[in-house]
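Here is the structure we will look at, set down as structure tokens.
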Amino acid sequence: MDISKEKHLNMALQISNFKKALNGFERLVEQTAAQKRNERAGLFIHKEDAIDYDKFYASVQKLFGPDVKDQDVKRFYRKLCNNTDASADWCEIFGYFSSKEDPITSQLDEENLVFFVSRKRRILISGSRRRDVIKGIVKIPHLDLLITATQKGLITVFNNQDTSWITGCDYLLQLKRIVATTERTIIVWDYKAQGSSQENYFVIKPMDHCLLCVCVVPLPDHLCQDDILLGDNGGFVNRFTVNSDDFRIKQSRSKRKLQNQVLDSKNFKSVKRKLHNDWVMKIRYISALNCFGSCSLDSNHSLVLESLKRLEDNLPVREFSMPRGANTFCYCVKANVIVTGGDDKVIRLWHPNISTKPVGKLVGHMFSITEIVTNEKDQHIVSLSSAKVFRVWDIQTLSLLQVFHDSQGGPGDMQIYSMIYDANHGMLITGSSVMDMYPLTRMIKDTKQVPHTHEREINVMLYNKYFHQVLTICSESIIRVWELETGLQVYQILDPHGFNIEVTSAAVDESGFLFATGAYNGTVRIWDFGSGQTMKVLPEGKDWKEEEHCLQRLVFLKAQEKHQHLVLALERNGTIKMIQGKEDDIYLMVIWELPDVVPFLQDGKHAVHLRMSTRDRNMAIPFPDVELIVERNVSQPPNNPAMDSLRVNCIDLLQVEGYNLIAAGTLNGVIILWNFVTSTVKKVCRPEDCFPVNPDLHPKHFKINDILFLFRTPECARRSSQDSICSSSQCESSKGPQSSKGSKQSIHDSVVKGEQTDVMVGEQQPVDKKHPGSANLPEAQPPILVTAHEDGHLRLWTLEGRLLKDMLPFTKYSAISLTSLYTDSCTRILLAGNEEGHVILCNISSFLDPPHDEKKFKQLLSWRAHSLEIIQVIYVEEKQVVLTASIDGSVRLWHALNGHYCGYFGQRRLFELSQTSDFILPCDVTEYPIEIKEESKFTEKQKYEYPLIFDRENIYLIFNKYLIFNSFQMKQFSKALPFCPNGAAIRRYPLEGFVTENREAGIVFASLPIYRISSPTSLRFLPLIGVEAQKDCSDGIPGKKKGGHVQHEKVSRRRSLKKNLVPQINLASSFFPAIPK
């Protein structure tokens, strides 16, 4: 009675606590709904009292515990924000939603399968006898060894890097040897010893019972000593301790040949205890639990889980009972469950400390279960039956993911005796008369179809950092919203601007609750991001021409007043205008437009002053009304091709304290800067003013495809400018990025581990937020402009037009047009995408600090993300991933630290955003990421006793030996030597040299000194050597006239050979001339 009363009391207490949690949840929902209603009414809410999603999620976890999922809470919160009067059911917090997808139909898609059965590899066991089968497979992860043992005595070791074969069954970690068992003996084999590999083994015998299984206990604290656990047919578990002294090799005096030795088992330290009443089928040591496990066919003592100390006493042990015993078991570390299977065809999941009842059961096998393995990373269970049927289960949901059958082999090859999962290479390996390898689907790069997010090319990609969702729009005018963490689609909108009207641009507002879209016909719509419902519309004008008002760029502006929305739009014709939307009006209207300044910036004029209009407005707008101040006698020039090349192609704006700017990039590389603080508009820079320009090049060769302001707020500037985006330890991988200098070591040697935290904190501080002055904050530096050009160059400019950096990014193919730019909130990194699908990642953290040293602008990575042009690239700071969208119709996800591929939006498999060593590529990409290695900063100046000094006499001897010179030619060549002009004093003092400490150059070249000597500014100004001689020779050729043909072929050929011996402008070729035959 006391026990039943206690149960009733506990149940009543749990019900009472849950009711209190429900009441608290109702109050939380009411507070959140009231806040959203107040926000829509225009009431001011303190930031500390505001309930955003993070606070809402933390409150829900506090009420219901950590078991609630972020996805379900996010869906409920979005529903509450969209409709505050909607009914709220607490069950939605726990994810009780019905799924409409048929699981059987989803299994038919091979991309959704866990293992790629069609890509199975089969390896024949070389040297095996007929009807021989593999009885055991062991994987040594840190050595990448795969060990197999057959029933008829063949032990084989496979190495992934080497195709040579050695033998073994399990690996002694301390002794570096292989241990195998037979029915009555233990074999310890030194596979690395010199001599014949088949003779370097020791045999330990006799044993009391027939040995059935073996495993090695990993004890890193015991040097030169290993413990071996053995299971036998008597139900005993044996522990053998072996030392390196036990296996000293004896040599015969006559032949000095290694001898196979038989060792007495009584000379070894061993303990054993009977734990089962039947055969011990499998034994394993579980390091995470610091105990061993053994399973048997015994129904009462089916599984024993205990520490090694229990083998030395008779104290009770943890026993798990199941009908007809257990053939196999394994342990999953993440889920903390032990999985067992046996002849009753049921898979059971046990908590290690609860042996009375399993926590879950998996039913589906029709035959006895012989092997079970786990995939820790994906949380999968792979079970194998005696009929060679494989089943893959999900540990968390206990659902069946895949079923496949091994149909190969004859009647004698029906049973598979062993199975393991290789986590290093994502592969399931089985052993019968052959060894089969089943790779994971995600590990195969060449899947059946190219990754595609939309059926058509992508026009727009946006990221909502508050909801952690990605919005994509294709040329077929389909809007889709995706979850970043999983890659699942949330909703889609078909024909948002009407049938057959292409959407060309979009933008997300600062709060994340709204987004705007612009179309080919100039119409604009504002949508609710959570529900996808239209809120406001800008209709098409009556007199608009086709393509004239096509929208290329939309930017949400900060509204000065409540109840209004402001959007800045760039049309294809170069017009920049502002669109306003009021809360009580469904229609949008154009309220502001910049005048066309291009005709007045011709003929060398670089600036035009602005007059602020005094026109009264009902509400304040971010930019004032302006008029151009031009001379009265100056009329607007007529249209000409030069004016068309000045058409605006891209824009960016900067609105922070002290700056109110709009920067526009044009088709001929000119930057037009609208400064509303100084009331001016000017051409900031022209290509011909900053660097030599080939007049034959088309003006659109310098076309600006994207432009971006780089501005660091005082809060961000306070952080260390030397921080980088990742640490070198995080950039290591099994197939790391290839260095441009041949090194695979990470370049981030000056990285601190706090960078990830800083980047995540900086995410919440947008660039365009006004920051009040503070004595603790450093003064913000002037903004910098970065432009992406058609010629493939990245150029950085000051607002005055001074070129700070002209960089051609390093990729496999140089001079590829850049199409997109992006920077993080604290302006530490710069991302760029190009027409060939490459992504360039640069570190600009130190470069933005004055005096803007060029050497501090560092390219870190370059990788190919698509086979076609990238239209947008985005860096997600809190997840350390990069999003890329391309005209190939796919939006893909990459690790920013090393350029490793994560997946694409639209795939069946969920994303795995955690850093992993698996290196895979999409099917249309074959290039590995390239990591740019930084040069060594450490150089040492030294004076040398025997420096390099020019020897005039010796150089004449060298040239006389290889070249045919007359006295006149030698004098001309002597005058042309750049490092020793004729008549000048020869250097007799030691030259200053440098010794590099770059060890990657090798043991020879890293030690050679480098001398520095003066050199001419350009080889173009050197005198032409041998020109007079050529003229004499050409004039003396009979029959040769200007514009005529050579009459005598043999004579001209002989004299042309003589001309080739005369040195030309290239002096380098004179040092190593071709010797005539």
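Sequence positions in the sequence shown follow the working numbering and run 3 to 1079. Positions of the beta carbon are idealized from the N, C-alpha and C atoms, including for glycine.
With 16 other Cβ atoms within 10 Å as the buried cut-off, status of residue i
i: N19; result: exposed
i: F501; result: exposed
i: P784; result: exposed
i: W865; result: buried
i: M13; result: exposed
i: T34; result: buried
i: V273; result: exposed
i: F515; result: buried
i: V452; result: exposed
i: E659; result: exposed
i: D408; result: buried
i: Q896; result: Residue identity differs from the one stated: residue 896 is Trp in this sequence, not Gln. Result: buried.
i: T928; result: exposed
i: Y493; result: exposed
i: H10; result: exposed
i: M209; result: buried
CA-to-CA distance, residue j to residue i, given in whole angstroms
i: L656; j: A790; result: 18 Å
i: K860; j: T183; result: 57 Å
i: L65; j: D396; result: 28 Å
i: G295; j: L15; result: 38 Å
i: G835; j: L787; result: 17 Å
i: R124; j: I149; result: 16 Å
i: E41; j: H565; result: 10 Å
i: G901; j: I922; result: 10 Å
i: R720; j: H840; result: 33 Å
i: L214; j: G233; result: 6 Å
i: L30; j: D74; result: 16 Å
i: I431; j: D380; result: 17 Å
i: N202; j: K154; result: 19 Å
i: L798; j: Q398; result: 51 Å
i: C332; j: V391; result: 18 Å
i: M463; j: A508; result: 8 Å
i: E717; j: K467; result: 20 Å
i: I17; j: C93; result: 16 Å
i: S723; j: A898; result: Low per-residue confidence applies at S723: pLDDT is 47, beneath 50, and the placement is therefore not dependable, though the value from the model is reported in the following sentence. Rounded to the nearest angstrom, the two C-alpha atoms are 19 Å apart.
i: L177; j: D69; result: 45 Å
Short Cβ contact (7 Å threshold) for residue i with residue j
i: F238; j: K276; result: yes
i: F406; j: S357; result: no
i: C652; j: G671; result: no
i: I578; j: L590; result: no
i: H278; j: D300; result: yes
i: L603; j: S681; result: no
i: A571; j: L556; result: yes
i: Y79; j: F58; result: yes
i: K122; j: D438; result: yes
i: L403; j: V116; result: yes
i: C217; j: I288; result: no
i: S888; j: H868; result: yes
i: T455; j: F907; result: yes
i: V361; j: A290; result: no
i: E933; j: L863; result: yes
i: V205; j: V264; result: yes
Any non-hydrogen atom of the ligand GTP closer than 6 Å to residue i Cβ
i: G26; result: Questions concerning the ligand GTP fall outside what the structure shown contains, since it holds no ligand whatsoever.
Beta carbon proximity, residue i to chain C, threshold 7 Å
i: V875; result: Checking the listed chains, one finds no chain C in this structure; it contains a single protein chain.
Worksheet item: Can we say the segment 495 to 514 touches the segment 77 to 84, given the rule of at least three CB pairs closer than 8 Å?
Response: no
Practice prompt. State whether the segment 341 to 358 contacts the segment 383 to 402, with contact taken as three or more CB pairs (one from each stretch) at a distance under 8 Å.
Written response: yes
Discussion item. Which complete beta strand (DSSP E) runs does the segment 441 to 514 hold, if anything under 3 residues is left out?
Written reply: 460 to 466, 471 to 476, 480 to 485, 491 to 496, 505 to 510
Worksheet item: Is the segment 810 to 830 touching the segment 704 to 720, taking contact as three or more C-beta pairs under 8 Å?
Response: yes
Practice prompt. List in chain order: all unbroken beta strand (DSSP E) runs of 3+ residues lying wholly within the segment 839 to 921.
Written response: 840 to 845, 860 to 866, 872 to 878, 883 to 888, 893 to 897, 903 to 906
Worksheet item: Is there contact here, the segment 541 to 555 with the segment 513 to 528, by at least three beta-carbon pairs under 8 Å?
Response: yes
Worksheet item: At which residue ranges does the segment 321 to 381 contain complete beta strand (DSSP E) runs of 3 or more residues, listed in the order of the chain?
Response: 330 to 334, 339 to 343, 348 to 352, 362 to 365, 371 to 377
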